[in-house]
Amino acid sequence: MKRVIFYTGKGGTGKTVTSCATALACSKLGYRVLLMSTDPAHTLSDAFNMHIGNESTLVKENLYAMQIDPVVEMGKQYQQLLAYFASLFSSRGIDETIAYEIAMLPGMTQIFSMLRLEELSYSNDYDVVILDMMASGEALRYLYLPKLVGSLSRRLFSFAGLFSGMARIIEPIAKMPAPSSDVIKTEIELIGKLERLADILKDRGLTSIRLVANPDLFSIENAKRSLMAANLFGLNVDLAVINKIIPKVDEPYFAGWIRQQEEYVRDAEMNFYPIPIRKARLFESELRGIDMLERYARELFGDYDPADVFFKEDIFTFEYKDDSFSMRFRVPFTEKDDFELERLGDQLTIRVRSTTGNIVNIVPLPSATVGMRLSKARLQGSELIVTFERE
Ligand SMILES: Nc1ncnc2c1ncn2[C@@H]1O[C@H](COP(=O)(O)OP(=O)(O)OP(=O)(O)O)[C@@H](O)[C@H]1O
Ligand SMILES: [Mg+2]
Numbered sequence: 001m002k003r004v005i006f007y008t009g010k011g012g013t014g015k016t017v018t019s020c021a022t023a024l025a026c027s028k029l030g031y032r033v034l035l036m037s038t039d040p041a042h043t044l045s046d047a048f049n050m051h052i053g054n055e056s057t058l059v060k061e062n063l064y065a066m067q068i069d070p071v072v073e074m075g076k077q078y079q080q081l082l083a084y085f086a087s088l089f090s091s092r093g094i095d096e097t098i099a100y101e102i103a104m105l106p107g108m109t110q111i112f113s114m115l116r117l118e119e120l121s122y123s124n125d126y127d128v129v130i131l132d133m134m135a136s137g138e139a140l141r142y143l144y145l146p147k148l149v150g151s152l153s154r155r156l157f158s159f160a161g162l163f164s165g166m167a168r169i170i171e172p173i174a175k176m177p178a179p180s181s182d183v184i185k186t187e188i189e190l191i192g193k194l195e196r197l198a199d200i201l202k203d204r205g206l207t208s209i210r211l212v213a214n215p216d217l218f219s220i221e222n223a224k225r226s227l228m229a230a231n232l233f234g235l236n237v238d239l240a241v242i243n244k245i246i247p248k249v250d251e252p253y254f255a256g257w258i259r260q261q262e263e264y265v266r267d268a269e270m271n272f273y274p275i276p277i278r279k280a281r282l283f284e285s286e287l288r289g290i291d292m293l294e295r296y297a298r299e300l301f302g303d304y305d306p307a308d309v310f311f312k313e314d315i316f317t318f319e320y321k322d323d324s325f326s327m328r329f330r331v332p333f334t335e336k337d338d339f340e341l342e343r344l345g346d347q348l349t350i351r352v353r354s355t356t357g358n359i360v361n362i363v364p365l366p367s368a369t370v371g372m373r374l375s376k377a378r379l380q381g382s383e384l385i386v387t388f389e390r391e
């Protein structure tokens with residue numbers, strides 16, 4: 001496994017078609033490719049117009065696809081662990097079937113699907129692994145394991161330790177079932193795997209996240225938030241795809257749409273700067289079947305190798321001090337420009353006066369800034385450093 005690419009973005013923006021297109025283009029270049037999706041709606045089968053199973057299915061030369069069912073995945077390896085968590089809840093008087101539902105924390109299923117990556121990293125079956133994530137926000141949170149695993153594993157370890165030694169004694173008092181040694185063993189193995197998964201995700205030469213947005217306000221906002229969050233958790237975003245741009249057609253009905261989309265594309269270019277952007281037009285019809293997806297891939301990537309790491313730096317960097325929090329990010333303007341900053345809730349608006357009018361850049365703020373006020377902003381070269389202080 002030499003390359004791992006995640007596509008994420010708001011619902012319906014084109015994550016699945018872009019993942020398929022990337023996979024097709026990479027396989028054409030001779031890479032051995034595996035495309036994985038965890039979408040319960042079986043969208044890979046729809047996109048390729050053929051049945052894709054939950055084990056790798058040959059799509060065409062060099063290209064395999066897999067529709068992972070997270071629940072099956074979890075049941076396969078972690079049934080014991082899940083059963084134990086469920087028994088914890090049911091020991092508190094919660095109905096067993098509901099206890100299972102609760103034990104299955106939201107998004108937990110996604111983690112178990114991602115563990116497939118960890119398994120794959122031991123084999124040499126594929127060069128490029130592409131993951132079509134479910135509608136983002138949710139899904140991307142579970143990519144932030146690198147930071148989570150540390151604390152999670154410590155918690156689980158102490159949990160395991162506590163129960164192995166003490167639980168049998170407390171069991172009758174606490175009315176809590178003690179985990180069996182099998183449960184503890186599974187738990188410890190799981191922690192090891194999660195840590196390895198975290199290493200895979202953090203490796204910038206290996207793993208990239210790519211944002212898919214359309215030229216509309218919500219999907220761009222969503223992608224920007226994902227970008228900020230990815231940087232916050234130390235993951236690399238190497239490309240943004242703006243998909244479904246209405247081409248310039250001589251049709252008065254669409255004139256307003258075209259004008260508005262041009263503005264959103266400019267907005268996206270400014271906001272994702274300096275992450276490279278690839279643009280794709282809205283095709284004449286849905287993108288289904290290998291031929292159409294290959295056409296889309298050609299227009300999207302041209303002569304580029306889609307497996308390249310297109311960008312490797314953090315756009316946002318963060319620094320915590322006792323009572324302050326600084327955020328540093330590159331902006332497409334220098335000292336000479338006049339700019340104004342305004343904080344509105346969890347967003348920072350940067351208004352830049354330029355010869356062609358005002359350009360507005362909206363930066364999503366991390367939750368750490370809640371309860372802090374914007375205290376300082378200064379430009380250093382092409383970087384803007386914004387400091388927040390506790391009130
Ligand atoms: N450039 C395009 N031109 C025409 N149709 C497109 C284009 N991009 C995507 N589509 C169509 O839009 C629909 C949504 O695309 P897709 O399923 O890839 O989005 P998604 O982000 O994966 O959605 P979901 O969030 O539901 O998983 C599909 O019917 C797809 O064929
Ligand atoms: Mg999809």
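In full-length UniProt numbering, the protein residues as written are 1 to 391. We put the beta carbon where it would ideally sit given N, CA and C, even for glycine.
For residue i, the nearest candidate out of the options (CA to CA)
i: Leu190; options: Ile111, Phe310, Val129; result: Ile111
i: Asn271; options: Glu391, Thr207, Ile242; result: Ile242
i: Asp322; options: Arg351, Met134, Glu389; result: Glu389
i: Arg288; options: Glu319, Ala21, Ala223; result: Ala21
i: Leu206; options: Ser226, Val237, Lys224, Asn214; result: Val237
i: Asp127; options: Leu35, Gln79, Asp95; result: Leu35
i: Ala240; options: Glu221, Leu29, Leu232; result: Glu221
i: Pro267; options: Ala223, Thr57, Ala83; result: Strictly speaking, residue 267 in this sequence is Asp, with Pro absent from that position. Taking only the C-alpha atoms, the option nearest Asp267 is Ala223.
i: Asp291; options: Ile246, Gly9, Val4, Lys28; result: Lys28
i: Ser382; options: Gln79, Ala47, Thr18, Arg328; result: Arg328
i: Tyr31; options: Asn124, Gly14, Tyr84, Gly11; result: Asn124
i: Glu319; options: Pro247, Gly234, Ser219, Ser181; result: Gly234
i: Gly302; options: Pro366, Phe316, Ala25; result: Ala25
i: Arg298; options: Ala280, Lys312, Phe311, Lys10; result: Ala280
i: Leu197; options: Tyr253, Ser113, Leu217, Ser87; result: Ser113
i: Tyr122; options: Met1, Val386, Ile52; result: Met1
i: Ile188; options: Ile245, Gly256, Tyr78, Tyr273; result: Tyr78
i: Gly345; options: Lys185, Leu300, Arg373; result: Arg373
i: Ala56; options: Lys76, Val33, Val71; result: Contrary to the premise, residue 56 reads as Ser rather than Ala in this sequence. Ranking the options by Cα distance to Ser56, first place goes to Val33.
i: Val352; options: Ser326, Ser375, Leu379; result: Leu379
i: Asn49; options: Phe325, Leu293, Tyr304; result: Leu293
i: Met134; options: Arg330, Pro306, Gly12, Arg278; result: Gly12
i: Tyr296; options: Glu262, Phe339, Leu282; result: Leu282
i: Gln261; options: Ile246, Glu284, Val71, Leu82; result: Ile246
i: Asp182; options: Leu82, Met228, Glu284; result: Leu82
Cβ-Cβ separation, residue j to residue i (assumed contact under 8 Å), whole Å
i: Ala377; j: Leu341; result: 5 Å
i: Pro370; j: Gln347; result: Before going further, note that residue 370 is Val rather than Pro in the sequence given. Wrong, their Cβ atoms sit about 12 Å apart, outside the cutoff.
i: Val309; j: Thr18; result: Going by Cβ atoms, the distance from Val309 to Thr18 rounds to 17 Å, so no, they are not a contact pair.
i: Asp203; j: Tyr7; result: Actually they do not touch by this definition, with Cβ atoms about 18 Å apart.
i: Lys15; j: Phe218; result: With a Cβ gap of about 15 Å, Lys15 and Phe218 do not count as contacting.
i: Ile385; j: Ser324; result: So it is not a contact: roughly 11 Å between Cβ atoms.
i: Ile277; j: Glu269; result: 6 Å
Classification of residue i by the beta-carbon crowding that lies within 10 angstroms, buried from 16 upward
i: Val360; result: exposed
i: Thr97; result: exposed
i: Thr349; result: exposed
i: Arg3; result: buried
i: Leu47; result: Reading off the sequence shown, one finds Ala at residue 47, where the question assumed Leu. Its Cβ being crowded by 16 or more others within 10 Å, Ala47 is buried.
i: Pro215; result: buried
i: Val59; result: buried
i: Asn62; result: buried
i: Asp314; result: buried
i: Leu365; result: buried
i: Asn231; result: buried
i: Ser208; result: buried
i: Lys244; result: buried
i: Val72; result: exposed
Reduced DSSP secondary structure (H/G/I, E/B, other) of residue i
i: Asp346; result: coil
i: Pro252; result: helix
i: Asn361; result: strand
i: Lys279; result: strand
i: Gly9; result: strand
i: Met74; result: helix
i: Ala307; result: coil
i: Arg288; result: coil
i: Lys28; result: helix
i: Val128; result: strand
i: Lys312; result: coil
i: Thr207; result: strand
i: Phe339; result: strand
i: Asn243; result: strand
i: Ser37; result: strand
i: Met133; result: coil
i: Pro375; result: This sequence places Ser at residue 375; Pro is not what is there. Ser375: strand per DSSP, three-state reduction.
i: Glu319; result: strand
i: Ile385; result: strand
Closer than 8 Å to chain C by CB, residue i
i: Leu300; result: The structure shown contains no chain C, having only a single protein chain.
- Message: Three or more C-beta pairs under 8 Å: does that hold for the segment 57 to 67 against the segment 34 to 49?
- Response: Touching, yes, given that three or more Cβ pairs across the two stretches are closer than 8 Å.
- Is it a yes or a no for the segment 114 to 122 touching the segment 192 to 212, going by three-plus beta-carbon pairs under 8 Å? Contact between the segment 114 to 122 and the segment 192 to 212 is present, because at least three Cβ pairs lie under 8 Å.
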